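Before any comments, here is the structure.
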Amino acid sequence: MTDVTLAPAAAASRRNWSHFALRWTLFTLLGLFALFYLMPLFVMITTSLKSLEEIRTGSLIAFPREVTFDAWRTAWSEACTGIQCEGLRPFFWNSVVIAVPAVAISTMLGAANGYVIAQWRFRGANLIFSLMLFGCFIPFQVVLLPMARMLGLMGLAGSIPGLIFVHVIYGIGFTTLFFRNFYVTIPQDLVKAAKVDGAGFFRIFWSIFLPLSLPIIVVTVIWQFTQIWNDFLFGVSFSQAGTQPVTVALNNIVNSTTGVKEYNVDMAAAIIAALPTLLVYAVAGKYFIRGLTAGSVKG
Amino acid sequence: MTEWLERHIPKMVLAPSFAAVLVFVYGFIAWTAWVSLTRSRLLPKYEIEGLIQYERLFNAPRWDTAMSNLFVFGTLFILISMVLGLMLAILLDQKIRTEGVLRTIYLYPMALSLIVTGTAWKWIMNPGLGLEAMVRGWGFDSFTFDWVINPDKAIYAVVIAGVWQASGFVMALFLAGLRGVDGEIIKAAQVDGIPAWRIYTAIIIPSMAPIFLSAFIVLAHLAIKSFDLVIALTGGGPGYATDLPATYMYTMAFSRGDIGQAASSAMVMMGVVFAIIVPYLYSELRAKHD
Amino acid sequence: MAPILDITNLRKNYGATEILKDINVSIEPGDFLVLVGPSGCGKSTLLNCIAGLEPISGGQIEIGGRDMTHVSPKDRDIAMVFQSYALYPTMTVARNITFGMKVRGADAATQDRKLQEVAAQLQIEALLDRRPGQLSGGQRQRVAMGRALVRDPKLFLFDEPLSNLDAKLRVEMRTEIKKLHHNLGATMVYVTHDQIEAMTLATKIVVMKGGVVQQIGTPAEIYNKPANLFVADFMGSPAMNLIPARAEGNGEGTRIEMDCGGSAPIVLKDSRATGLPQDVILGVRPEDIAEAGFRAGEGVQEAACLIDMVEPAGADTYVVSNLGGKQVTARLHAETRAQPGQMLDLAFDLSKVSYFSPATGERLN
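Residue numbers (my numbering), protein chains in the order written: chain W, 123 to 421; chain H, 9 to 298; chain P, 4 to 368.
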C-alpha cells in the first residue's frame with residue numbers, strides 16, 4: 123500500500139521506520155499469544171517425559187533433563203482408574219467403539235434429513251427443522267434423568283450400545299443442520315431435472331447429491347467425532363466400570379486418591395486422551411474450523 | 009400406490025429422526041419438568057406437589073453459590089474471550105505471512121476435551137509445583153498463585169482455562185467476519201484518507217454485529233453447559249466453591265439421589281438457555297423467511 | 004390438428020395466495036409458445052405445472068391428447084432446460100446426457116448412439132468427458148439442451164434458459180434455439196422475461212401478469228394490437244408511448260387532443276376511430292412517429308412538437324418531447340437535424356395506433 127510514494131526521501135525513511143516498529147510490535151504480540159496457547163501443551167509434554175523426582179525438584183517449564191517414557195507406559199497400561207489398574211488402554215478402545223458407529227450413523231441420518239429438508243420441502247418441513255435445531259441447544263442436563271431411565275427400560279443401561287444410542291440421538295440435530303445448510307445452496311433445479319429424467323428420491327440422493335457431498339461429510343464426521351470423543355457428561359452419566367469412555371477414565375486417573383500423585387502419568391494420560399482429536403485437527407483443521415463456524419454462525 | 013409412495017417418501021425418511029427428537033428432546037424435557045414438580049427423591053414419583061423443589065432449590069446456599077458462580081464465570085468468560093478473540097483477529101488480519109500457523113496455534117485448544125484442558129491447567133496452577141513454585145524459584149518468594157485451591161479465587165481459575173480453550177474459536181469467528189467485510193467499502197475509506205484504526209472502529213467492527221451476537225450465543229451456551237471443565241479442574245471445590253448449575257444438577261442426580269432437586273435445577277438451566285437462545289433462533293429463522 | 008398441449012382452467016394456490024388464475028392455453032404440434040411477463044407473474048410456476056414438478060390446485064393439463072394432470076414428470080413425455088442448467092455437477096457431460104436413459108434402463112448401445120447423435124447436432128463432441136465445472140456458460144447451455152434433445156420428447160420446456168449468459172452469447176444461442184426448433188419441428192414452451200426473446204422466438208406468445216393471462220397471440224398481434232395497457236407497455240423497446248388524450252367524435256372520425264408542454268394542445272384527426280369515450284390513452288409506438296415528410300399514407304397526421312432531448316442511437320435517432328404530461332419518444336432517421344428546444348413537425352401514423360381506456364386499461368379499438 124505504501125510502497126509507491128513520491129514523498130521526499132527523509133519522510134519516506136521516517137515512515138518506513140514507524141512501519142517497521144509497528145510490524146515488530148505486531149509480531150511480538152502475536153508471538154506472546156502463541157506462547158500463551160502453546161504453553162499448556164508444552165508443559166503437558168515435558169512433564170509427561172520427566173521422572174517424578176525431576177518434577178518435584180525442577181521448574182514447570184524446564185525441558186526434561188532425562189527423557190523417560192515410563193509415565194506413558196503407566197498411563198497406557200497400568201494407571202489406576204478407581205479400583206481397576208489397567209491404564210487408559212481399555213477405555214481408549216471403548217471410546218473408539220462408541221465414536222465410530224455413532225459418528226457413522228448420525229452422519230448418515232443427518233445427510234438424509236438435510237436432503238429432505240433442503241430439497242424436498244413440504245408443508246411443515248421448516249417447523250420440523252426448527253424443532254430439530256432447537257434440540258442442539260438444550261442443556262443436556264435436562265434429559266439426563268429420563269434418558270437414564272429410558273436406557274434402563276431398553277436394557278442398555280451402562281452399556282456401550284446405550285452410549286452410541288445417546289450420541290446418535292443428540293447428534294442428529296447438528297448433523298441435520300450441517301447437511302441442510304449445505305444442500306440449500308444447491309439449486310432446486312437439480313432435483314427437478316433429475317425428476318424429469320425419471321430418477322426417484324433415492325436415486326437422486328445416491329447418484330447426484332451424495333457424490334457432491336464429500337466436503338460436508340468430512341466436516342460433519344470431524345465435528346461429530348470431536349464432540350463424541352471429547353464428551354464427558356454422557357460418558358460419566360451412562361457408563362459403568364467397564365464401559366467408560368477415555369475422558370471419564372482420564373478424570374478418574376487424575377482424581378484417584380490412592381498412592382502418590384503421579385503428575386507425569388496424569389499428563390501422559392491427558393495427551394493420550396487428546397491425541398485422536400489433535401490428530402484430526404492437525405490433518406483436517408480447515409474442515410474442523412468450517413464445522414465450528416457452520417455450527418454457530420448460520421443456524 | 010407408487011404415486012402415493014413417491015410423494016410421501018421424503019416425509020417417511022425424515023419421520024424417524026423427527027420422532028426421536030420429539031421423544032428424546034421434547035418428551036424428556038416434559039418428563040423432567042413434571043418430575044421437578046413432585047417430591048421425587050431416589051426414585052421418581054409422579055404426584056404433582058407444586059413448586060416445593062424450586063423453593064428448596066432457591067433456599068439452598070449451594071445453589072446460590074452455583075448461580076452466582078455461573079454469573080461471574082459467564083460474564084468474565086464471555087467478555088474476556090470476546091475481547092481477546094477480537095484482538096487476535098484484528099492482529100492476524102494485518103497481512104501476516106505466518107497467519108496460517110498462528111491461527112492453527114490459537115485454535116487448537118478447541119479440539120481438546122475440556123477434561124484434558126482441566127487436567128493440564130490443574131497441573132499448571134498447582135501451587136506446590138506449578139506456576140507459583142516456578143516464579144518463586146526465580147526469586148519472587150512472596151508470589152502466590154493458589155487460585156485452584158483458594159475458595160474465593162477458584163472460579164477465576166476456571167475462567168482462565170475456559171478462556172484459553174474458547175478464545176481461539178472466537179478469533180476464528182471474528183476473522184471470518186473481518187474477511188467478509190466488503191472490500192470496496194474499505195477501499196473507499198482508504199481513498200477518503202481515513203486512518204486504519206478508524207476504519208476498524210467506525211466501519212468494520214460495527215458491520216460485524218451479527219458475529220458478535222453469534223459469538224455471544226455460543227459462549228453463553230458453553231458457559232451454561234460447562235460441566236467437564238469444573239469437574240476436571242476443581243471438582244466443584246474447594247468445598248462447593250466452584251459449583252455451577254451443571255455440577256449441582258449432576259451431584260443431585262447421581263451422587264445425592266435427589267431426583268426432584270436434579271430435575272428442578274435442570275429446568276432452571278433450561279430456562280436460562282431459553283432466555284438467551286430463543287430470541288436468537290427466532291430472529292435467525294425469521295430473517296431467513298423474509 | 005389436435006392440440007399437443009391443452010391447459011384448461013388451471014389454478015394454482017400456495018395456501019391462500021393464488022399464483023395462477025384460470026389459465027387456458029393450447030398449442031399445436033410445431034408451435035413455439037413463449038410465456039412472457041415480469042418476474043413473479045407466474046410464468047415459471049406455470050411451466051413447472053406443465054412439467055408436473057408442481058401440483059396444481061384445479062383444472063386440467065393434457066399433453067399429446069392424454070390427461071397428464073396427475074402424472075409424474077417422468078411419464079409426461081417432456082424434456083426441460085433450466086435457467087441454472089441444472090447439470091449434475093459430479094457427472095461428465097456424457098453421463099449428464101445419458102443419465103435419463105440410464106434411469107429408464109436403455110441399453111448401453113442405444114445410449115451411446117443417441118449420445119453421439121446429439122453431441123454431433125450440438126457440436127459438443129469434444130466436451131463429452133469434461134465435468135460441468137470445466138465448461139463455459141455457453142457450453143453448459145448446450146449440454147443442458149443436449150440432455151433435453153436426447154429424450155426426443157413430445158414437448159420441450161425451457162425455463163429462462165438464456166438469462167445467465169452474457170448479451171452477445173444470448174443472441175447467438177437465441178438464433179440457435181430458433182434453428183433447432185425449425186430443424187426438429189419440435190413443439191416448445193419457453194419462459195422468459197425478455198420481450199425481445201419472446202418476439203424473436205415465438206410462434207405464439209402468452210403475456211402474463213400477476214398469475215393472469217393478459218393476452219395470447221402471435222408476436223405480430225401482441226405487438227400491433229396489445230390487449231391492454233400492461234401488454235402495450237411491456238412488449239416493445241423502447242416502450243409504446245401511452246399518452247393521455249381527449250377524444251371527440253363527429254361523423255367523420257375522431258378528434259384527438261393532447262396537451263403539449265406550455266404551448267397550445269396538439270390536435271390530430273383519426274378518421275377510423277369511432278365510439279371512443281371522452282378520455283382515452285393513445286398508444287403509439289416510437290417508430291410510428293416520424294419526421295414530417297418522411298411518412299405518408301392514409302392516417303398520417305402532422306403536428307409541431309417541442310423537442311426536449313435528442314438521443315442518437317446509431318441506426319436511428321430518438322427524440323423526446325412532452326405530450327399529455329408524458330415523455331414521448333419518436334424514432335427518427337439517423338440524419339435528422341432535430342435539436343433540443345426546437346419545434347419540430349412530427350408525423351403520427353394514426354393507422355397504427357391503439358386506444359385504451361384510462362379506467363380499465365383495456366383496448367378500445
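For each residue, glycine too, the CB sits at the ideal point set by N, CA and C. Since the structure is predicted, the reported quantities are computational estimates derived from the model, not experimental observations.
Neighbourhood of residue i by C-beta, 7 Å cutoff - its chain only, sequence neighbours within 5 removed
| i | result |
| --- | --- |
| residue 311 of chain P | 323, 324, 325, 343 |
| residue 247 of chain H | 159 |
| residue 161 of chain H | 155 |
| residue 16 of chain P | 22, 60 |
| residue 269 of chain H | 61, 64, 65, 260 |
| residue 6 of chain P | 29, 30, 31 |
| residue 40 of chain H | 271, 274, 275 |
Backbone secondary structure at residue i - three-state DSSP
| i | result |
| --- | --- |
| residue 246 of chain H | coil |
| residue 328 of chain P | coil |
| residue 52 of chain P | helix |
| residue 471 of chain W | Here chain W has residues from 123 to 421 only, and residue 471 of chain W is not among them. |
| residue 82 of chain P | strand |
| residue 261 of chain P | strand |
| residue 291 of chain P | helix |
| residue 336 of chain P | strand |
| residue 25 of chain P | strand |
| residue 15 of chain P | strand |
| residue 32 of chain H | helix |
| residue 60 of chain P | coil |
| residue 69 of chain P | strand |
| residue 285 of chain P | strand |
| residue 310 of chain H | Within the shown structure, residues of chain H are numbered from 9 to 298, placing residue 310 of chain H beyond reach of any answer. |
| residue 93 of chain H | helix |
| residue 72 of chain H | helix |
| residue 134 of chain H | coil |
Option nearest residue i by Cα separation, candidates the options
| i | options | result |
| --- | --- | --- |
| residue 10 of chain P | P:18, P:282, P:55 | P:55 |
| residue 164 of chain P | P:320, P:297, P:50 | P:50 |
| residue 65 of chain H | H:168, H:86, H:256 | H:256 |
| residue 45 of chain H | H:276, H:19, H:286 | H:276 |
| residue 157 of chain H | H:215, H:262, H:244 | H:244 |
| residue 312 of chain W | P:78, P:84, P:351 | P:84 |
| residue 328 of chain H | H:190, H:78, H:218, H:62 | Not covered by the structure: residue 328 of chain H. The range shown for chain H is 9 to 298. |
| residue 267 of chain W | H:43, H:16, H:58 | H:43 |
| residue 192 of chain H | H:211, H:180, H:179 | H:211 |
| residue 143 of chain P | P:125, P:6, P:160, P:159 | P:125 |
| residue 259 of chain P | P:123, P:111, P:356 | P:356 |
| residue 279 of chain P | P:367, P:244, P:318 | P:367 |
| residue 189 of chain W | W:181, W:197, W:169 | W:169 |
Cut-off 6 Å between Cβ atoms - residues of its own chain near residue i, not counting five sequence neighbours on either side
| i | result |
| --- | --- |
| residue 224 of chain W | 286, 289, 290, 350 |
| residue 121 of chain P | 149, 152, 153 |
| residue 12 of chain P | 25, 62 |
| residue 313 of chain P | 322, 341, 343 |
| residue 236 of chain P | 242 |
| residue 128 of chain P | 122 |
Integer-rounded CB distance, given that residue j should sit under 8 Å from residue i
| i | j | result |
| --- | --- | --- |
| residue 232 of chain H | residue 280 of chain H | 6 Å |
| residue 104 of chain H | residue 110 of chain H | 7 Å |
| residue 216 of chain W | residue 362 of chain W | The Cβ separation is near 11 Å, so there is no contact. |
| residue 47 of chain P | residue 210 of chain P | Not a contact, Cβ separation roughly 15 Å. |
Same chain only: Cβ atoms within 8 Å of residue i, ignoring 5 sequence neighbours per side
| i | result |
| --- | --- |
| residue 95 of chain P | 131, 132, 133, 134 |
| residue 282 of chain H | none |
Exercise. Looking at C-beta atoms only, is the number of pairs between the region 216–230 of chain W and the region 256–264 of chain W that lie closer than 8 Å three or more?
Worked result: no
Exercise. Is the number of C-beta pairs between the region 275–292 of chain P and the region 329–342 of chain P that are closer than 8 Å three or more?
Worked result: yes
For this session: Would you be able to state if there are at least three C-beta pairs under 8 Å between the region 62–70 of chain P and the region 217–237 of chain P?
Result: no
Exercise. Between the region 248–262 of chain P and the region 193–206 of chain P, do at least 3 Cβ pairs fall closer than 8 Å?
Worked result: no
Exercise. Quick check: the region 231–238 of chain W against the region 16–26 of chain H, are there 3 or more CB pairs under 8 Å?
Worked result: yes
Exercise. Using 8 Å as the threshold, is the region 269–280 of chain P in touch with the region 301–316 of chain P, meaning 3 or more CB pairs across them?
Worked result: yes
Exercise. Can you find at least 3 beta carbon pairs, one from the region 162–177 of chain W and one from the region 340–360 of chain W, that sit closer than 8 Å?
Worked result: no
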